[in-house]
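The numbering of the sequence shown is our numbering, which starts it at 1 and goes up by one. Read the structure below first, then the notes.
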Amino acid sequence: MRLKNLYFFTRLFLMVICFVSSLFAQDKTVTLQQIAPEERLYLSSLTIIRYNPLGLETQNRLMYSRKLVDSNSLLFRDTFIAPGLSTKLNPAYLKIGPVIDFQPIAVFNVRFGYEYITFFGTSGFLLSYPIANKDVDFDDDTRKDMKDQAYSTSGHHYFVEPTFQLKAGKVALRTKFPLLYFNIDLKNEDKYFYDATLDTLVPNNKMIWANDTDLLYLDGQLIVGARYSAVFPSNNLEHMRIGPLIAWSFHTHDYTSFNKPTFLMILGWYLKHPNREGVLPYILAGFSFSSDFMGK
Numbered sequence: 001m002r003l004k005n006l007y008f009f010t011r012l013f014l015m016v017i018c019f020v021s022s023l024f025a026q027d028k029t030v031t032l033q034q035i036a037p038e039e040r041l042y043l044s045s046l047t048i049i050r051y052n053p054l055g056l057e058t059q060n061r062l063m064y065s066r067k068l069v070d071s072n073s074l075l076f077r078d079t080f081i082a083p084g085l086s087t088k089l090n091p092a093y094l095k096i097g098p099v100i101d102f103q104p105i106a107v108f109n110v111r112f113g114y115e116y117i118t119f120f121g122t123s124g125f126l127l128s129y130p131i132a133n134k135d136v137d138f139d140d141d142t143r144k145d146m147k148d149q150a151y152s153t154s155g156h157h158y159f160v161e162p163t164f165q166l167k168a169g170k171v172a173l174r175t176k177f178p179l180l181y182f183n184i185d186l187k188n189e190d191k192y193f194y195d196a197t198l199d200t201l202v203p204n205n206k207m208i209w210a211n212d213t214d215l216l217y218l219d220g221q222l223i224v225g226a227r228y229s230a231v232f233p234s235n236n237l238e239h240m241r242i243g244p245l246i247a248w249s250f251h252t253h254d255y256t257s258f259n260k261p262t263f264l265m266i267l268g269w270y271l272k273h274p275n276r277e278g279v280l281p282y283i284l285a286g287f288s289f290s291s292d293f294m295g296k
């Protein structure tokens, strides 16, 4: 039933994209400042601190981007392919590996990536489990009591992240459907491990999927909106949350040595979660920027 619903909504969303794309294709007027350069070498950085669950992480990608089509239309002017290197570092682990961003049309982007993961055995990570269901406790207090059982290990993470994005005036809609696969060297032939980013017990050697959907109002340096997030780990421990999003950029210049330095905050109240339903929200605060290393 879940797959049928996903198939239906995917078809519906693609129909909407085709309709809006036809409207975008009719607009041929674009200022020079809006047109991306033919090629870019840039660093994209995001550092976040998070509560419920607790976390601190810096994510950085060094990318080379090449424009696919030389066009002034809204539909094709921002098409590119961008290979690069991604790193994610926090007190518990390091993830590093290649990534490719591919945007053949303005309303669709897909990211392919691989990460080698090494867990340090600190901060109560990594904890693994032989089974995963609603009778298995993996809440914050339980994991804190089990932190002496955490161990260092390594593994592999493969992912594909298709993203659909639409913009009409100052309103934008963006939805991402990551498909994730983990192959971690777990002890005692355990089949699940707790992942703080996904905040659930993740099956080893099995595909899972998630969703982040943003509805945004863009007003120059200010962005306000709402985010819906969900994780479906194929073990009846899925969770969902929804809440406001706000971001403020110090400036909105693109393709410079310091692009769009931005503070952001996201709050999310859990609609469903084995351990976190209630009034206490998910809280994320972060700072992002990018730096171009080639001339315009």
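Think of the CB as a built atom: it goes at the ideal place given N, C-alpha and C, for glycine as much as any other residue.
Among M265, G243, H156, T262, the one whose alpha carbon lies nearest that of A96:
As a first step, residue 96 is located in the sequence shown; it is residue number 96 there, counting from the start. In the sequence on display, residue 96 carries Ile and not Ala. The shortest CA-to-CA distance from I96 to any of M265, G243, H156, T262 is the one to H156.
How far does the beta strand (DSSP E) with K191 in it reach, from first residue to last?
The residue you call residue 191 lines up with position 191 of the sequence shown. Looking at the DSSP string, K191 is not in any beta strand (DSSP E), and its letter there is neither H nor E.
Determine whether the beta carbon atoms of Y194 and N52 lie at a separation below 8 Å.
Position 194 of the sequence shown holds residue 194. Position 52 of the sequence shown holds residue 52. No. Outside cutoff.
Nearest CA to the CA of K147: which residue from A92, L43, V107, A82?
Locating residue 147 in the sequence shown gives position 147, where the first residue counts as 1. It is A92 whose Cα lies nearest to the Cα of K147.
Could you work out which residue in Y217, V202, A247, S257 is closest to V231 when comparing CA atoms only?
What you label residue 231 is simply residue 231 of the sequence shown in a count that begins at 1. The candidate whose alpha carbon is nearest that of V231 is V202.
Residues bridged to K272 (per DSSP)
As a first step, residue 272 is located in the sequence shown; it is residue number 272 there, counting from the start. BP columns for K272 point to M240.
By Cβ distance below 7 Å, which residues in the same chain neighbour F182 in space, the five residues on each side in sequence not counted?
Locating residue 182 in the sequence shown gives position 182, counting from the first residue. Non-local C-beta neighbours of F182 in its own chain, meaning closer than 7 Å and more than five positions away in sequence, comprise G155, H157, V202, N204, ordered along the chain.
Since I believe N275 is in contact with A132 (beta carbons under 8 Å), could you give me their beta-carbon distance rounded to a whole number of angstroms?
Within the sequence shown, the letter at position 132 stands for residue 132. Within the sequence shown, the letter at position 275 stands for residue 275. In fact, because the Cβ distance is near 13 Å, the residues do not count as touching under 8 Å.
In whole angstroms, give me the CA-to-CA distance for A82 and D135.
Taking the first residue of the sequence shown as 1, we reach residue 82 at position 82. Taking the first residue of the sequence shown as 1, we reach residue 135 at position 135. Cα to Cα, A82 sits roughly 44 Å from D135.
Residue range of the alpha helix (DSSP H) that includes T142:
Start at 1 with the first residue of the sequence shown, and residue 142 comes out as number 142. That run of the alpha helix (DSSP H) goes 140-145.
Strand pairing of N109, partner residues [DSSP]
Taking the sequence shown and counting its residues from 1, the one referred to as residue 109 is at position 109. In the DSSP assignment, N109 is bridged to T163.
Should N90 and G55 be called a contact, given that it needs their Cβ atoms to be closer than 8 Å?
Residue 90 sits at position 90 when you count from the first residue of the sequence shown. Residue 55 sits at position 55 when you count from the first residue of the sequence shown. Against a cut-off of 8 Å, the Cβ pair of G55 and N90 comes out as a contact.
So, for Q33: in the same chain, excluding its five sequence neighbours on each side, which residues have a beta-carbon less than 6 Å away from its beta-carbon?
Your numbering for residue 33 matches position 33 in the sequence shown. Because the pLDDT of Q33 is 46, which lies under 50, any placement of that residue in the model is unreliable, and the number read from its coordinates should be weighed accordingly. None.
Of the residues I208, S249, K176, D219, which one's Cα is nearest the Cα of G169?
Indexing the sequence shown from 1 puts residue 169 at position 169. With distances taken between Cα atoms, G169 lies closest to D219.
Neighbourhood of F258 by C-beta distance below 7 Å, restricted to the same chain and skipping five residues each side
The residue given as residue 258 occupies position 258 in the sequence shown. The residues are F289, S291.
Look at the Cβ atom of E161, then the Cβ atom of V110, and state whether they are nearer than 8 Å.
The residue given as residue 161 occupies position 161 in the sequence shown. The residue given as residue 110 occupies position 110 in the sequence shown. For E161 and V110, yes; Cβs fall inside 8 Å.
Look up Q103 in the DSSP assignment and say whether it is helix, strand or coil.
Here residue 103 is taken as the residue at index 103 of the sequence shown, counted from 1. Strand.
Could you tell me if M294 is buried or exposed, where buried requires 16 or more neighbouring beta carbons within 10 angstroms of its beta carbon?
The residue given as residue 294 occupies position 294 in the sequence shown. Exposed.
Ignore the nearest five residues each way along the sequence and tell me which others in G278's own chain have a CB closer than 8 Å to its CB.
Position 278 of the sequence shown, counting from 1, holds the residue named residue 278. Around G278: Y270.
Please state if the CB of Q103 and the CB of T122 are separated by a distance shorter than 8 Å.
For the purposes of this step, residue 122 is identified with residue 122 of the sequence shown, where counting begins at 1. For the purposes of this step, residue 103 is identified with residue 103 of the sequence shown, where counting begins at 1. No.
Inter-residue spacing [alpha-carbon to alpha-carbon] between L280 and R40
Reading the sequence shown from its first residue, position 280 is the one you call residue 280. Reading the sequence shown from its first residue, position 40 is the one you call residue 40. L280 and R40: Cα-Cα distance of roughly 42 Å.
So, at 6 Å on beta carbons, what are the nonlocal neighbours of A25 in its own chain, with the 5 sequence-adjacent residues on each side left out?
Within the sequence shown, numbered from 1, the residue matching residue 25 stands at position 25. Its pLDDT being 41, under 50, A25 is placed unreliably by the model, and the measurement read from it follows with that caveat. The residues are S73, L75.
Can you give me the Cβ contacts of L126 inside the same chain, cut-off strictly under 7 Å, excluding the 5 residues immediately before and after it?
Taking the first residue of the sequence shown as position 1, residue 126 is located at position 126. Excluding sequence neighbours, L126 sits near F119, A150, Y151, T153, F193.
Do you know how far the Cα of I208 is from the Cα of Y116?
For this step, residue 116 is matched to residue 116 along the sequence shown. For this step, residue 208 is matched to residue 208 along the sequence shown. So the alpha carbons of these two residues sit roughly 18 Å apart.
Reduced DSSP category for Q59 - H, G, I as helix; E, B as strand; rest coil:
Position 59 of the sequence shown, counted from the first residue, corresponds to residue 59. Of the three classes helix, strand and coil, the one that applies to Q59 here is strand, per DSSP.
Measuring CB to CB, does K187 end up less than 8 Å from E238?
For this step, residue 187 is matched to residue 187 along the sequence shown. For this step, residue 238 is matched to residue 238 along the sequence shown. In this structure, E238 does not lie closer than 8 Å to K187 by Cβ.
Quick one: Cα of D70 to Cα of P37, how far?
Walking along the sequence shown from the start, residue 70 turns up at place 70. Walking along the sequence shown from the start, residue 37 turns up at place 37. Rounded to whole angstroms, D70 to P37 spans 10 Å at the Cα level.
Measuring straight from C-alpha to C-alpha, what distance separates K260 and I48?
Sequence index remark: in the sequence shown, residue 260 carries index 260 (1-based). Sequence index remark: in the sequence shown, residue 48 carries index 48 (1-based). Inter-residue distance for K260 and I48 is about 16 Å (C-alpha atoms, whole angstroms).
Might you give, ordered along the chain, the residues of its own chain that have their beta carbon closer than 6 Å to the beta carbon of L216, omitting 5 neighbours on each side?
On the sequence shown, position 216 is the one that residue 216 refers to. So the list reads A172, I223, G225, once near-sequence residues are dropped.
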